[in-house]
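Take the sequence shown: its position 71, counting from 1, is numbered 71 in the working numbering, and each next residue is one higher. Read through the structure below, which is laid out as structure tokens, and then see the notes.
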Amino acid sequence: MSDQSRLFQAGPDPFGRMWKVQFRWLQTAISIRHADTVDVKFWVSTEGREPEEKVIALPQAELLKLTSNGRTLTDALCMRLAAAHLKHMIETSEDFDKTLVTLRPEQLAACYQQLHRETVTQPR
Numbered sequence: 001m002s003d004q005s006r007l008f009q010a011g012p013d014p015f016g017r018m019w020k021v022q023f024r025w026l027q028t029a030i031s032i033r034h035a036d037t038v039d040v041k042f043w044v045s046t047e048g049r050e051p052e053e054k055v056i057a058l059p060q061a062e063l064l065k066l067t068s069n070g071r072t073l074t075d076a077l078c079m080r081l082a083a084a085h086l087k088h089m090i091e092t093s094e095d096f097d098k099t100l101v102t103l104r105p106e107q108l109a110a111c112y113q114q115l116h117r118e119t120v121t122q123p124r
């Protein structure tokens with residue numbers, strides 16, 4: 001996945017469609033849902049369908065565990081983690097019928113590892 005987490009294409013989905021993904025906002029869910037997560041909202045659209053909102057909820061306790069190795073927990077990291085999972089959702093249709101998806105610890109860890117691998121292999 002490229003470093004472009006605000007506007008990117010994802011897919012193909014299982015039906016061969018490419019999706020346009022646009023970042024909308026990121027906020028702590030304590031204020032809106034009384035949940036201990038960081039919510040990242042995207043709009044997704046593809047030809048012939050109305051745009052849909054997708055909110056990826058990243059549990060804060062798990063984020064803190066992942067960044068306990070010294071990496072700083074930032075908005076940019078949260079956005080990239082959520083974008084990586086949304087890309088996975090589009091490509092596999094896993095949970096794609098849901099508007100709000102809260103990542104399980106193993107899903108968040110997989111996204112984190114994916115981003116780490118991409119960062120390590122990026123040409124300078």
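Where a beta carbon is used, it is the ideal one built from N, C-alpha and C, also for glycine.
In the DSSP secondary-structure assignment, residue 56 is bridged to 40 and 101. Listed as beta-bridge partners of residue 20 by DSSP are 9 and 45. Secondary structure of residue 26 (DSSP, three-state): strand.
For residue 71, there is no enclosing alpha helix (DSSP H), as DSSP gives it neither H nor E.
Closest in alpha carbon position to residue 113, among 27, 56, 49 and 67, is 67. Straight through space, the alpha carbons of residue 18 and residue 94 are spaced by roughly 16 Å. Here residue 63 is buried: its Cβ has 16 or more other Cβ atoms, across all protein chains shown, within 10 Å. Contact check for residue 37 against residue 102 passes: the beta carbons are separated by less than 8 Å. At the C-beta level, residue 21 and residue 86 come within 8 Å of one another.
For residue 96, same chain residues with a beta-carbon under 7 Å away, outside a window of 5 residues either side, are 89 and 90 in chain order.
Note that the C-beta distance between residue 58 and residue 82 is below 8 Å.
Annotation for residue 10: 19, 21, 87 and 90 place their beta carbon closer than 6 Å to its own, counting only its chain and skipping 5 residues before and after.
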